[in-house]
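Working notes for the structure below.
Protein chains: 2
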Amino acid sequence: MELIDGKKVASDIKLEIADEVEKIKQNGGKIPHLAAVLVGHDGASETYVANKIKACELVGVKSTLIRFEDTVSQDELLDKVEELNQHNDIDGFIVQLPLPDHISEQRVIEAIDPKKDVDGFHPVNVGRMVIGLPAFISATPAGILELMKRYNIDPSAKNCVIIGRSNIVGRPLSILLSQKREQGNATVTVCHTRTKNLKEVCTKADIIIVALGSPEFLQADMVKEGAVVIDVGTSRVKSDKTKSGWKLKGDVNFEEVAPKCSFITPVPGGVGPMTIVSLLRNTLLAAGKKIYN
Amino acid sequence: MELIDGKKVASDIKLEIADEVEKIKQNGGKIPHLAAVLVGHDGASETYVANKIKACELVGVKSTLIRFEDTVSQDELLDKVEELNQHNDIDGFIVQLPLPDHISEQRVIEAIDPKKDVDGFHPVNVGRMVIGLPAFISATPAGILELMKRYNIDPSAKNCVIIGRSNIVGRPLSILLSQKREQGNATVTVCHTRTKNLKEVCTKADIIIVALGSPEFLQADMVKEGAVVIDVGTSRVKSDKTKSGWKLKGDVNFEEVAPKCSFITPVPGGVGPMTIVSLLRNTLLAAGKKIYN
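Protein chains in written order, with this note's numbering: chain A, 1 to 293; chain B, 1 to 293.
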C-alpha cells in the first residue's frame with residue numbers, strides 16, 4: 001500500500017508555480033492577480049480564504065481580499081462582481097461560498113465573467129468542460145486528476161466508481177475521468193444515495209472515489225484487493241484526543257481499508273491540499289489567457 | 001417483451017403540442033416560430049430539415065427555412081445567426097449539422113443566443129443542464145427520457161449502462177439519468193471504446209442504452225433477462241430486400257436481443273421519431289419563455 005501524499009505533491013507544485021511566476025516577472029510580464037470576495041465571518045470560510053491568500057503570497061501571485069459584512073445586499077455584491085469583471089489588473093477571482101440566505105449563489109456565480117471564473121463554477125465553464133473545450137476545471141476534480149497523474153495512476157480502461165454526484169466534485173470528476181483525454185478513458189459509474197447495490201458495484205472497482213461527506217462510509221468489505229481509493233470527505237467529528245476537541249474524518253474507514261489498497265489518500269493531507277494548488281493553476285491560466293483568448 | 005412504439009408516442013405528443021398551439025392562438029398569443037438554417041445539399045441533412053419543417057406545419061408551429069450554398073463563408077453564417085438572435089418573431093432556431101469543413105461548428109454553436117438554442121448544444125445550456133438549472137435539453141436524450149416516461153419505465157435506483165459517450169447522446173443522457181430528478185436517480189455507468197469488461201458490465205444492467213452507431217453491436221449474451229434496451233443507433237446498411245438498396249440498422253441485434261427484454265425500442269420507429277418531438281417541445285418552451293425569462 002502506498003500513501004498518496006497530497007501535502008507533499010501540493011508543496012512540490014507550489015514550487016513549480018513559484019518558478020513560473022518568477023519567470024513571468026523576469027520577462028517583464030504582468031504578475032498574475034487573484035481576488036477573493038469573502039462575505040461574513042463564517043469560521044471555515046475565513047480559514048479557506050486565508051489559506052488561499054497565503055498560498056498566493058508563497059508563490060508570488062498578487063492577491064486582493066475583498067470583505068463584506070453578511071448584511072451586504074445582493075445588488076451590492078453583484079456590483080462588486082461586475083467591477084472585478086472589468087478590473088484590468090485582476091486576472092481571476094472567486095466568491096467564497098456559502099453566501100448568506102438572502103443572496104442567490106447561482107445569480108452571483110452567473111454574474112462572474114467566465115474568463116475570470118477560476119473556481120470553474122459558471123455554467124459556461126461547466127458546459128465547455130463537458131463538451132471537451134478548454135475550460136476552468138473546478139479545484140477538487142482538477143486536484144484529484146493531478147494527484148493521480150503524479151502517482152502514475154492511469155484511469156484508462158479501469159473501472160472507476162464515484163460515490164457522490166455533487167456539482168463540484170462527483171459530477172465533474174465522473175465526466176473528466178470518462179472523456180477521451182489524458183487521465184480519462186475510464187469506465188465510470190456514478191453512485192449516490194439511491195444506489196441499491198453499492199457494495200457489489202464498489203467491489204468491482206479498480207478506482208473508488210468517495211465524495212459524500214459521510215465519515216468512514218467506505219468499509220473494507222466494499223473494496224477489492226489492490227484498488228486505488230481517493231477520499232474527498234472532510235467532516236469534523238468530536239474527538240477527545242485533540243486539543244481543539246474535534247478532528248477531520250474522511251469518507252473512508254482508513255485503518256481497515258488502507259491495507260487492501262494499492263494507493264490511498266489520507267484525510268487530512270490527501271486531496272485537501274491540492275484544491276488550493278488547482279486555484280493557483282487556474283489563476284495562472286487566466287493570467288496567460290490559456291483558456292480563453 | 002413489449003415493443004416501445006416511438007412512432008405512436010411521437011404522433012400522440014404531436015397532437016398534444018398541436019392542442020397547446022391551438023390554445024395559444026385562441027388566447028390571442030404569438031404563434032411559436034422555429035427557424036432552421038441548412039447549409040449545402042447533404043442528402044441526410046435535407047431529409048432531417050424537411051421533416052422538422054413538416055412537423056412544425058403539422059402542429060401549427062410557424063417555421064422558416066434559411067438555405068445557404070456550401071460555399072457560404074463562416075462570417076456570412078455568423079451574421080445570419082446574429083440576425084436570428086435579434087429577430088423578434090423567431091423564438092428558437094437550429095443550424096443543421098454537419099457544416100462544411102471551412103466553417104467551425106463550435107464557433108457557430110457558440111454564436112447562437114442560448115435563449116434560442118432549441119438544439120441545446122450551446123455550452124450555456126449544457127452547463128445549466130449539468131448543474132440542474134432550467135436548460136434546453138438536446139433532442140435525443142430528451143426524447144429517450146420521454147419515451148421511458150410514457151412506458152412507465154422508472155430508472156430510479158436501477159443499474160443503467162450507456163454505451164457511447166458522445167456530447168449529444170451518451171454524455172447528456174448519463175448525466176440526466178443519474179441526477180436527483182424525475183426520470184433520474186439511476187446508477188449510471190458510461191461505457192465506450194476503451195471499456196474492457198463490457199459484457200460483464202452490460203449483463204448487470206437493468207437498462208441498457210446503446211448509442212454507438214455500430215450496427216448490431218449489442219448481442220443477446222450481453223443482456224440479462226428482463227432488461228430494458230434502448231437503441232439509439234441508425235446506420236444505413238446495404239440490403240437486397242429493399243427497393244432503395246439499403247435499410248436502417250440499429251446498434252442492437254434486435255432479433256436475438258428482443259426476446260430477453262422487458263421493453264425494447266425498434267429501429268426504425270423507436271427513438272428516431274422522438275427527436276423531432278423534442279425539438280417542437282423546446283420551441284414551445286422558448287416561445288413561452290419557460291427556460292429563460
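Ideal Cβ placement from N, Cα and C applies to all residues, glycine included.
For clarity, every value in this text was computed on a predicted model and none was experimentally measured.
Alpha carbon to alpha carbon, how far is residue j from residue i? Give it in angstroms, no decimals.
{"i": "Val49(A)", "j": "Cys56(A)", "result": "11 Å"}
{"i": "Ile103(A)", "j": "Ser214(A)", "result": "27 Å"}
{"i": "Ile13(A)", "j": "Asp221(A)", "result": "35 Å"}
{"i": "Arg165(A)", "j": "Ala258(A)", "result": "24 Å"}
{"i": "Gly28(A)", "j": "Pro155(B)", "result": "57 Å"}
{"i": "Cys160(B)", "j": "Gly245(A)", "result": "44 Å"}
{"i": "Phe254(A)", "j": "Lys238(A)", "result": "17 Å"}
{"i": "Leu133(B)", "j": "Asp240(B)", "result": "49 Å"}
{"i": "Glu69(B)", "j": "Asn167(A)", "result": "42 Å"}
{"i": "Pro114(A)", "j": "Lys260(B)", "result": "48 Å"}
{"i": "Asn88(A)", "j": "Asp75(B)", "result": "30 Å"}
{"i": "Thr187(A)", "j": "Gln179(B)", "result": "18 Å"}
{"i": "Met148(B)", "j": "Ile291(B)", "result": "23 Å"}
{"i": "Val118(B)", "j": "Val59(A)", "result": "45 Å"}
{"i": "Cys191(A)", "j": "Ala227(B)", "result": "20 Å"}
{"i": "Thr203(B)", "j": "Ile31(A)", "result": "55 Å"}
{"i": "Glu216(B)", "j": "Thr64(B)", "result": "37 Å"}
{"i": "Thr193(B)", "j": "Ala44(A)", "result": "43 Å"}
{"i": "Thr242(B)", "j": "Ala18(B)", "result": "34 Å"}
{"i": "His41(B)", "j": "Val223(B)", "result": "40 Å"}
{"i": "Gly322(A)", "j": "Ile66(A)", "result": "Outside the shown range of chain A, which is 1 to 293, sits residue 322(A), and nothing can be said about it."}
{"i": "Arg236(B)", "j": "Pro268(B)", "result": "11 Å"}
Indicate the three-state DSSP secondary structure (helix, strand or coil) for residue i in the structure shown.
{"i": "Asn152(B)", "result": "coil"}
{"i": "Gly269(B)", "result": "coil"}
{"i": "Asn85(B)", "result": "helix"}
{"i": "Lys62(A)", "result": "strand"}
{"i": "Thr47(B)", "result": "helix"}
{"i": "Asn125(B)", "result": "helix"}
{"i": "Val108(A)", "result": "helix"}
{"i": "Ala18(B)", "result": "helix"}
{"i": "Glu2(A)", "result": "strand"}
{"i": "Ser174(A)", "result": "helix"}
{"i": "Gly143(A)", "result": "helix"}
{"i": "Phe136(B)", "result": "coil"}
{"i": "Arg194(B)", "result": "coil"}
{"i": "Arg281(B)", "result": "helix"}
{"i": "Asp75(B)", "result": "helix"}
{"i": "Val130(B)", "result": "helix"}
{"i": "Ser214(B)", "result": "coil"}
By a C-beta neighbour count over all protein chains shown, 10 Å radius and 16 as the cutoff for buried, is residue i buried or exposed?
{"i": "Gly233(A)", "result": "buried"}
{"i": "Asp101(A)", "result": "exposed"}
{"i": "Ser295(B)", "result": "The requested residue 295(B) does not occur in the structure, where chain B is confined to residues 1 to 293."}
{"i": "Leu15(A)", "result": "exposed"}
{"i": "Lys289(A)", "result": "exposed"}
{"i": "Arg171(A)", "result": "buried"}
{"i": "Asn293(B)", "result": "exposed"}
{"i": "Asn152(A)", "result": "exposed"}
{"i": "Thr47(B)", "result": "exposed"}
{"i": "Ala350(A)", "result": "Nothing can be reported for residue 350(A), as the shown portion of chain A is limited to 1 through 293."}
{"i": "Lys158(B)", "result": "buried"}
{"i": "Asn125(A)", "result": "buried"}
Would you verify that the beta carbon of residue i is, or is not, closer than 9 Å to some beta carbon of chain D?
{"i": "Arg107(A)", "result": "Here the protein chains are A and B, and chain D is not one of them."}
Note down, in chain order, each residue of its chain lying with its Cβ closer than 6 Å to the Cβ of residue i, except the 5 sequence neighbours on either side.
{"i": "Ala111(A)", "result": "Leu78 and Val81"}
{"i": "Arg128(A)", "result": "Ala135"}
{"i": "Ile209(B)", "result": "Ile162 and Ile230"}
{"i": "Leu90(B)", "result": "Sequence check: residue 90(B) is Ile here, not Leu. Closer than 6 Å at Cβ, skipping near neighbours: His33, Ala35 and Leu84."}
{"i": "Val95(A)", "result": "Val37 and Val108"}
Kindly list the residues whose CB is nearer than 7 Å to the CB of residue i, restricted to its own chain and excluding five residues on each side of it in sequence; keep chain order.
{"i": "Glu20(B)", "result": "Leu284"}
{"i": "Thr71(A)", "result": "none"}
{"i": "Gly143(B)", "result": "Val271, Met274, Thr275, Val277 and Ser278"}
{"i": "Asn51(B)", "result": "Ile276"}
{"i": "Leu97(B)", "result": "Glu105"}
{"i": "Arg150(B)", "result": "Val9"}
{"i": "Pro123(A)", "result": "Glu110"}
{"i": "Leu173(B)", "result": "Pro141, Ile144, Ile162 and Ile209"}
Can you give me the Cβ contacts of residue i inside the same chain, cut-off strictly under 8 Å, excluding the 5 residues immediately before and after it?
{"i": "Leu176(B)", "result": "Met129, Ile137, Pro141, Leu145, Gln183 and Gly184"}
{"i": "Lys116(A)", "result": "Leu84, Asn85, Ile90, Asp91, Gly92, Phe93 and Ala286"}
{"i": "Arg107(B)", "result": "Gln74 and Leu78"}
Quick check: does the Cβ of residue i come within less than 8 Å of any heavy atom belonging to the ligand ADP?
{"i": "Leu198(B)", "result": "The ligand ADP is not part of the structure shown, which contains no ligands of any sort."}
Sufficient close CB pairs (3 or more, under 8 Å) joining the segment 245-252 of chain A to the segment 18-29 of chain A = Between the segment 245-252 of chain A and the segment 18-29 of chain A, the count of Cβ pairs shorter than 8 Å is below three; the stretches do not touch.
Do the segment 280-289 of chain B and the segment 257-269 of chain B meet, that is, are 3 or more Cβ pairs less than 8 Å apart?
-> Between the segment 280-289 of chain B and the segment 257-269 of chain B there are fewer than three C-beta pairs closer than 8 Å, too few to call the two in contact.
Tell me, please, whether the segment 26-45 of chain A touches the segment 2-15 of chain A by the rule of three or more beta-carbon pairs shorter than 8 Å.
-> Counting Cβ pairs under 8 Å, fewer than three are found: no touch.
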